[in-house]
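**Student:** In case it helps, the numbering used here puts the first sequence at residues 538 to 655.
Even for Gly, the Cβ is constructed at its ideal location relative to N, Cα and C.
Got a structure here, written out as structure tokens. Questions coming.
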Amino acid sequence: MPKRSSVTSADNDGFFSRVYEVARLIPRGRITSYGAIARYLGTGRSARMVGWAMNSSHTVPGFVPAHRVVNRNGMLTGKHHFGNSSTMQQLLENEGFTVIDDIVLEFRERFWDPSAEL
DNA sequence: ATTCTGACAGCAA
DNA sequence: TTTGCTGCCAGAA
538 MPKRSSVTSA
548 DNDGFFSRVY
558 EVARLIPRGR
568 ITSYGAIARY
578 LGTGRSARMV
588 GWAMNSSHTV
598 PGFVPAHRVV
608 NRNGMLTGKH
618 HFGNSSTMQQ
628 LLENEGFTVI
638 DDIVLEFRER
648 FWDPSAEL
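Structure (structure tokens):
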């Protein structure tokens, strides 16, 4: 077993990695919520941790479609964490979503539940 | 070790 | 209806 000495949270095989793993499984053109991912991970009510993990998603090698993860309202609560406030919205619109007032209109239709799909 | 915070969600008023 | 508080778990100081 590889020892995990002083590693960053993102490198650790804990909660964070699982969140990223699920996030990468989100099909293009789909969207999900923090709570849905949290429930799939088994944490259930720790949806906040999912968002927290996303905060470190930039430390993960590869691409983590964090823009496809919004809160249960379909609101882009974390758009401010993408560098520019408009980045998240741009990415979503690029995938065919309609974002108005930081809300994804197609959220309900394009919702992708890992617990149901996986 | 203790305390605070956090990109949420649910429930009460 | 909207607004606010609580719970929840894990990581950072």
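1) Entirely within the region 556 to 622 and at least 4 residues each: give me those alpha helix (DSSP H) ranges in chain order.
2) What are the complete alpha helix (DSSP H) segments, minimum 4 residues, inside the region 621 to 646?
3) Give me the Cα-Cα distance between residue 649 and residue 633, rounded to the nearest whole angstrom.
4) Give the straight-line distance between the Cα atoms of residue 564 and residue 621, rounded to the nearest whole angstrom.
5) Can you check which of these residues, 578, 553, 555 and 636, is closest to residue 614 by C-alpha distance?
**Tutor:** According to the data block:
1) 571 to 578 and 584 to 592
2) 624 to 631
3) 15 Å
4) 24 Å
5) 636
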